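Working notes for the structure below.
Residue numbers (UniProt numbering): 1 to 99.
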């Protein structure tokens, strides 16, 4: 979960909406990143031939304002564990001292 100004944002909900509705998206991950005085905001990492602005506009039209993306980054692949779970800390640039 991503906490935005006291609201809980489920990244899976945004990921599934993007994958299902935005043309050209092959895979997607949403993580919370530090964003000004708001604390954290959702950021999407997208695999595929897609326009960043189209992804942001789709999320803006579909979701309430606290779920809007602060940024979209096009990447070659989404890092995943051997079991297929998204490695969100790696995407967010956080360092896990236990790895």
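Just so it is clear, CB atoms sit at the ideal spot from N, CA and C, and this is done for glycine as well.
Since the model is a prediction, treat every value here as computed from it, not as a measurement.
{"Item": "Three-way DSSP call (helix, strand, coil) for residue 59 in this model", "Value": "helix"}
{"Item": "Rounded straight-line distance, which links the Cα of residue 24 to that of residue 10", "Value": "23 Å"}
{"Item": "Burial state of residue 60 (16 or more Cβ within 10 Å)", "Value": "exposed"}
{"Item": "Length-filtered (3 minimum) beta strand (DSSP E) runs lying within the region 9-75", "Value": "25-34, 40-48 and 71-74"}
{"Item": "Contacting residues, own chain, Cβ-Cβ under 7 Å from residue 87 (five flanking each side not counted)", "Value": "79, 80 and 81"}
{"Item": "Close-in-space but distant-in-sequence residues of the same chain around residue 2 (CB under 7 Å, 5 per side omitted)", "Value": "9, 11, 32, 40 and 42"}
{"Item": "Under the three-state DSSP convention, the category residue 3 falls into", "Value": "strand"}
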